[in-house]
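Residue numbers (this note's numbering), protein chains in the order written: chain A, 1 to 275; chain B, 1 to 275. Beta carbons are placed, not taken as given, at the ideal position from N, Cα and C, and that holds for glycine. To start, the structure under review is shown below, and the notes come after it.
Protein chains: 2
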Amino acid sequence: MGAPESAAPLSQPAATFSYEHEGDRQFATTLARGLEVLRCFTPTEAMLGNKEISVRTGLPKPTVSRLTYTLTKLGYLRHNMRLGKYQLGSAVLSIGYPLLASMSVRQIARPFMKELADYCSGSVSMGIRDRLNMVYVESCRNGNGFSTLPDIGTAVPIAQAAVGRAFLAALAPAEREAVLNQIKVKQPESYRKYKPQIDKSLEEIRARGFCVALGELRREVYAVGVPMRRTVDGEIVAFNCGVPAFSLKKGQLEDDIGPRLVAMVRTIEASLGMH
Amino acid sequence: MGAPESAAPLSQPAATFSYEHEGDRQFATTLARGLEVLRCFTPTEAMLGNKEISVRTGLPKPTVSRLTYTLTKLGYLRHNMRLGKYQLGSAVLSIGYPLLASMSVRQIARPFMKELADYCSGSVSMGIRDRLNMVYVESCRNGNGFSTLPDIGTAVPIAQAAVGRAFLAALAPAEREAVLNQIKVKQPESYRKYKPQIDKSLEEIRARGFCVALGELRREVYAVGVPMRRTVDGEIVAFNCGVPAFSLKKGQLEDDIGPRLVAMVRTIEASLGMH
DNA sequence: GGCGCGGGTTTCAATATTCGAAATCCAATG
DNA sequence: CATTGGATTTCGAATATTGAAACCCGCGCC
């Protein structure tokens, strides 16, 4: 079977388990593996058979079989018996909701984000870190159709996305180094390719409050990123604003949209401050 | 369990595990328990200590300790060490995203939903089943502030919500009986209280295509529900439209909004049909 | 300071689960 | 009807998990 070599750099999760957690008597391997199974599914690979999961995770087939069986019983997977494949089940959504609901910054920020998204005919999103990605917890786009939509739960690589670099800029130097080092180790090609841009972005944020990413994540989308200057509930929050490249006038991103995103974030910070 | 059971606290999920899956050599208990830990968190109880989790799940403290340790290492929980409590981590969001992204019906439906939400100054949501709840996979509300927002991932009890009864109406009779029976067993008070309304709703849908729920889930929100007449990807999809009770004119829900929601769903079905 | 209390964590032997090669099953295909 | 590819079952050995009890620790109280 032509296992489609995805562009996305998957490391070896199986190896990860064996090496990183060996001898840790606290660590519940089965739980980690089950969750790793859920993580195999992506928007483009929404249906997977046990074999494919086994290949992706590096877990033995019988183990995968039991894990998918369990996850299916619990509603986290659905079994399509005509294809003999699994896909994510509705239960995966409900475990994320309490997190969203308890982040009041989302409600506060939403109108400001919508306003900016409308102004620049693009999309404005709020993200927090997950591993080496930023996950969107809120996203607004202008009414008329922006090709593909950013959506809550979308994960974008820290290294490539404006929102990711904004996040890096907000980190304490020591932690920033730690994250960069993880990227270096786990996504070496990505690191080589984007490290200069990352450094430039950090400098931009110091100088102007925002950074730009010109089609580095998706060729046709140019974006600016801004971090919040305070944490929310101990979590660093960053914003981006992405606009279709073709609709941008020269200099508009740097001179208009960037500063507006900065202003928006400052407004949100202020609204948060007064609780 | 996941359902917002108001009065009656909790059944015994631990017992649930032991009894329901004893002797099932396929079933990965540790995985199920870990996921059950994640399900303990709710919007109103966003932070829990090991002891609280232990009480809610019925699992012994050391077991919970190890599970939270594992989940924290993986990013599904965050540890707040000033309080010694846990809260959901960003990783819970990213496992749900591929499911959302692969449901193309969401994109198709969104503009129609938005239009209706604007028209009736309320919110329009699309839900699928999770256990005895309906989970929202898409939700639109009109711009001006509707008190509390329905959001993607929100779970509402099938028995009480218009969207849940719409779902029931779309089920094959045998499966409907099965679900109703589960409700009877697992949410007995809820069943006693709402069974007559449920029957009425089923009849309404047969007769007019939609059902109404007048403040049964939230006192101040009146809602109508409509099921889709075809499954999407094997999954039954239902819609609701909720409006603040005070802003409704007499008869408006039945004579105007209900039929409009029906029309909306028919439009979406048609758009889906032509792929 | 001493005491008790309410978590949280560690210990450790008993127990249950997982491993994984090989066998089996099953449905689709030639 | 033989073949093929994947999913599932089998089973003894290897390993991980379990959970009662003990331990730890910070806190408030007397």
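Does the stretch 226–243 of chain A come within contact of the stretch 162–175 of chain A, defined as at least 3 CB pairs closer than 8 Å?
The count of Cβ pairs closer than 8 Å, one atom from the stretch 226–243 of chain A and one from the stretch 162–175 of chain A, reaches three, so the stretches are in contact.
7 Å Cβ cutoff, residue 42/B in contact with chain A
In the second sequence, counting from the first residue as 1, residue 42/B sits at position 42. Residue 42/B belongs to the set of residues whose beta carbon lies under 7 Å from a beta carbon in chain A.
My parser needs the alpha helix (DSSP H) runs of 4 or more residues fully inside the stretch 49–74 of chain B; what are they?
The stretch 49–74 of chain B contains these whole alpha helix (DSSP H) runs: 50–57 and 61–74.
So with Cβ pairs under 7 Å, would you call residue 118/B a contact of chain A?
Within the second sequence, residue 118/B is the residue found at index 118, counting from 1. Cβ-Cβ to chain A under 7 Å: no for residue 118/B.
CA nearest to the CA of residue 248/A, picked from 24/A, 32/A and 121/A:
Locating residue 248/A in the first sequence gives position 248, where the first residue counts as 1. Comparing Cα positions, the closest option is 121/A.
Under the three-state reduction of DSSP, which class applies to residue 258/A: helix, strand or coil?
Stepping through the first sequence from its first residue, residue 258/A is reached at position 258. It is helical.
If I follow the unbroken beta strand (DSSP E) through residue 157/A, where does it start and stop?
By 1-based counting over the first sequence, the position of residue 157/A is 157. Looking at the DSSP string, the run of the beta strand (DSSP E) that includes residue 157/A is 155–157.
Cα separation between residue 39/B and residue 87/B?
Residue mapping note: residue 39/B aligns to position 39 of the second sequence, counting from 1. Residue mapping note: residue 87/B aligns to position 87 of the second sequence, counting from 1. Taking the straight line from one Cα to the other gives about 11 Å.
Since residue 89/A and residue 78/A are thought to touch, with beta carbons under 8 Å apart, how far apart are those beta carbons, to the nearest angstrom?
Numbered from 1 along the first sequence, position 89 holds the residue referred to as residue 89/A. Numbered from 1 along the first sequence, position 78 holds the residue referred to as residue 78/A. Cβ atoms of residue 89/A and residue 78/A come within 8 Å of each other, at about 4 Å.
Enumerate in chain order the residues of its own chain whose CB-to-CB distance from residue 113/B is below 6 Å, with the five nearest sequence positions on each side excluded.
For this step, residue 113/B is matched to residue 113 along the second sequence. Within the same chain, Cβ atoms closer than 6 Å to the Cβ of residue 113/B are found at 124 and 140, the five residues on either side in sequence being excluded.
Could you tell me if residue 231/A is buried or exposed, where buried requires 16 or more neighbouring beta carbons within 10 angstroms of its beta carbon?
As a working mapping, residue 231/A is identified with position 231 in the first sequence. Exposed is the call here.
is_contact[residue 69/A, chain B] using C-beta, thresh 7 Å:
As a position in the first sequence, residue 69/A is number 69, starting the count at 1. It does: the Cβ of residue 69/A has a partner Cβ on chain B nearer than 7 Å.
Residue range of the beta strand (DSSP E) that residue 138/B falls in?
One-based indexing of the second sequence puts residue 138/B at position 138. Residue 138/B -> beta strand (DSSP E) spans 133–141.
Beta-carbon neighbours of residue 108/A, restricted to chain B and to distances below 8 Å
For the purposes of this step, residue 108/A is taken as residue 108 along the first sequence, with counting starting at 1. Chain B residues near residue 108/A: none, gap ~11 Å exceeds 8 Å.
I need the DSSP call for residue 37/B, collapsed to helix, strand or coil.
Position 37 of the second sequence, counted from the start, is the residue given in the question as residue 37/B. The answer is helix: DSSP assigns residue 37/B an H, G or I state.
Cβ of residue 169/B versus every heavy atom of the ligand FAD: is any distance shorter than 6 Å?
Inclusion of the ligand FAD in the displayed structure is not the case, the ligand content being empty and no account of it being possible.
With which residues is residue 225/A paired in a DSSP beta bridge?
One-based indexing of the first sequence puts residue 225/A at position 225. In DSSP, residue 225/A forms a bridge with 211/A and 240/A.
At the level of alpha carbons, what is the spacing between residue 169/A and residue 253/A?
The residue given as residue 169/A occupies position 169 in the first sequence. The residue given as residue 253/A occupies position 253 in the first sequence. Approximately 19 Å between the Cα atoms of the pair.
In the DSSP assignment, what residue or residues form a beta bridge with residue 128/A?
Numbered from 1 along the first sequence, position 128 holds the residue referred to as residue 128/A. The secondary-structure analysis by DSSP pairs residue 128/A across a beta bridge with 135/A.
Going by beta carbon distance, what residues of the same chain come within less than 6 Å of residue 216/A, once the five residues before and after it are set aside?
Translated into the one-based positions of the first sequence, residue 216/A becomes position 216. Closer than 6 Å at the Cβ level, and outside the excluded window around residue 216/A, lie 160.
Can you give me the Cβ contacts of residue 267/A inside the same chain, cut-off strictly under 7 Å, excluding the 5 residues immediately before and after it?
For this step, residue 267/A is matched to residue 267 along the first sequence. Result list for residue 267/A: 112, in chain order.
Alpha helix (DSSP H) segments (min. 4 residues) lying fully within the stretch 93–122 of chain A
Taking only runs of at least 4 residues, the alpha helix (DSSP H) segments lying wholly in the stretch 93–122 of chain A are 104–120.
Alpha carbon to alpha carbon, what distance is there between residue 167/A and residue 209/A?
For the purposes of this step, residue 209/A is identified with residue 209 of the first sequence, where counting begins at 1. For the purposes of this step, residue 167/A is identified with residue 167 of the first sequence, where counting begins at 1. Approximately 12 Å between the Cα atoms of the pair.
Below 7 Å between beta carbons: does that hold for residue 257/A and residue 224/A?
The count along the first sequence starts at 1 and reaches residue 257/A at position 257. The count along the first sequence starts at 1 and reaches residue 224/A at position 224. Contact: yes.
Have a look at 116/B, 24/B, 181/B and 265/B and flag the residue whose alpha-carbon is nearest the alpha-carbon of residue 69/A.
By one-based count along the first sequence, residue 69/A stands at place 69. When only C-alpha atoms are compared, the closest one is 24/B.
What number of angstroms, rounded off, separates the C-alpha of residue 265/B from the C-alpha of residue 228/A?
For the purposes of this step, residue 265/B is taken as residue 265 along the second sequence, with counting starting at 1. For the purposes of this step, residue 228/A is taken as residue 228 along the first sequence, with counting starting at 1. Those two C-alpha atoms are separated by around 40 Å.
Below 6 Å CB to CB, which residues in the same chain sit around residue 213/B once its five sequence neighbours on both sides are set aside?
Locating residue 213/B in the second sequence gives position 213, where the first residue counts as 1. So the list reads 162 and 223, once near-sequence residues are dropped.
Distance, Cα to Cα, residue 136/B vs residue 218/B?
The count along the second sequence starts at 1 and reaches residue 136/B at position 136. The count along the second sequence starts at 1 and reaches residue 218/B at position 218. Using only the alpha carbons, I get a separation of about 16 Å.
Show which residues of chain A have a CB atom less than 7 Å away from the CB atom of residue 102/B.
Residue numbering aside, residue 102/B sits at position 102 when the second sequence is read from its first letter. Neighbours of residue 102/B across chain A, judged by C-beta separation under 7 Å: 43 and 46.
Hey, would you say residue 191/A sits closer than 7 Å to residue 184/A, going by beta carbons?
Position 191 of the first sequence, counting from 1, holds the residue named residue 191/A. Position 184 of the first sequence, counting from 1, holds the residue named residue 184/A. Judged by beta-carbon spacing, residue 184/A lies within the 7 Å limit of residue 191/A, meaning their Cβ atoms are closer than that value.
Contact set for residue 198/A: own chain, Cβ-Cβ below 8 Å, skip 5 residues either direction:
By 1-based counting over the first sequence, the position of residue 198/A is 198. Closer than 8 Å at the Cβ level, and outside the excluded window around residue 198/A, lie 159, 165, 168 and 180.
In this structure, what does DSSP give as the bridge partners for residue 87/A?
As a first step, residue 87/A must be located in the first sequence, where it is residue number 87. Partner(s): 78/A.
Classify residue 235/B as helix, strand or coil using the three-state DSSP reduction.
Position 235 of the second sequence, counting from 1, holds the residue named residue 235/B. Here residue 235/B sits in strand by DSSP.
Can you give me the C-alpha to C-alpha distance between residue 30/B and residue 173/A, rounded to a whole angstrom?
By one-based count along the second sequence, residue 30/B stands at place 30. By one-based count along the first sequence, residue 173/A stands at place 173. Near 38 Å, if we compare the C-alpha coordinates of residue 173/A and residue 30/B.
Taking the beta carbon of residue 116/A as the centre, do at least 16 other beta carbons fall within 10 Å, making it buried, or is it exposed?
What you label residue 116/A is simply residue 116 of the first sequence in a count that begins at 1. Result: buried.
Any residues in the stretch 73–88 of chain A with a beta carbon nearer than 8 Å to a beta carbon of chain B? Which ones, in chain order?
Closer than 8 Å at the C-beta level to chain B, one finds these residues of the stretch 73–88 of chain A: 73, 74, 75, 76, 78, 80, 87 and 88.
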